[in-house]
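Here the structure comes first, spelled out in structure tokens, and everything after it is commentary.
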């Protein structure tokens, strides 16, 4: 996989995930792969969501931000709990924001801003609880590498 983000940028995005999750019981993941292995990015985001066991969060409030680098495809998918609270307009606005930054070649800021906005929305509906446990890794997950 061609370097979509540097190691330093990856650390910044992981820090944004940690920050986004400090005020919410929700979970945010970022998944990056070269090629979308489905007909559309939403379908693939749903598949990765399941592969990462994001559907198993207690309050069904996990959100995945999916990027297929070489195919130039993006998607955001939320679990049942958060999807029941926010409309598609919210996800669409976040995708537009990411697209704006990505078109300018600023992948780090696009991902960081989307993560932080999603965290704010999660906080609105799923505030941090005293007994909250980080149910999922904050690390970025990466799909298969395609050296074509």
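Residue numbers (our numbering): 177 to 324.
In this text, a Cβ means the ideal position worked out from N, Cα and C, and glycines have one as well.
Quick caveat, the model's predicted, so the values are computed rather than measured.
- Here residue 213 has 220 as same chain residues with Cβ atoms under 7 Å from its own Cβ, once five neighbours each way along the sequence are excluded.
- Judged by DSSP secondary structure, residue 261 falls outside any alpha helix (DSSP H); it is assigned neither H nor E.
- Under the 8 Å Cβ criterion, the segment 280-297 counts as touching the segment 188-199, having at least three qualifying pairs.
- When C-beta atoms of the segment 264-279 are compared with those of the segment 308-315, fewer than three pairs fall below 8 Å, so the two segments do not count as touching.
- Cβ-Cβ distances below 6 Å link residue 238 to 203, 230, 255 in the same chain, with the five nearest sequence neighbours on each side left out; the list follows chain order.
- Classified as buried, residue 319 has 16 or more neighbouring CB atoms from the shown chains inside 10 Å of its CB.
- Using a Cβ distance threshold of 9 Å, residue 245 and residue 209 count as a contacting pair.
- Here DSSP, grouped into helix, strand and coil, assigns residue 291 to helix.
- Note on geometry: alpha-carbon atoms of residue 251 and residue 222 lie some 9 Å from one another.
- Residue 207 sits in a strand when the DSSP states are folded into three classes.
- Counting the other Cβ atoms within 10 Å of the Cβ of residue 284 gives 16 or more, which makes it buried.
- Excluding sequence positions up to five before and after residue 211, its CB lies within less than 7 Å of the CB of 244, 246, 247, 322, all in the same chain and listed in chain order.
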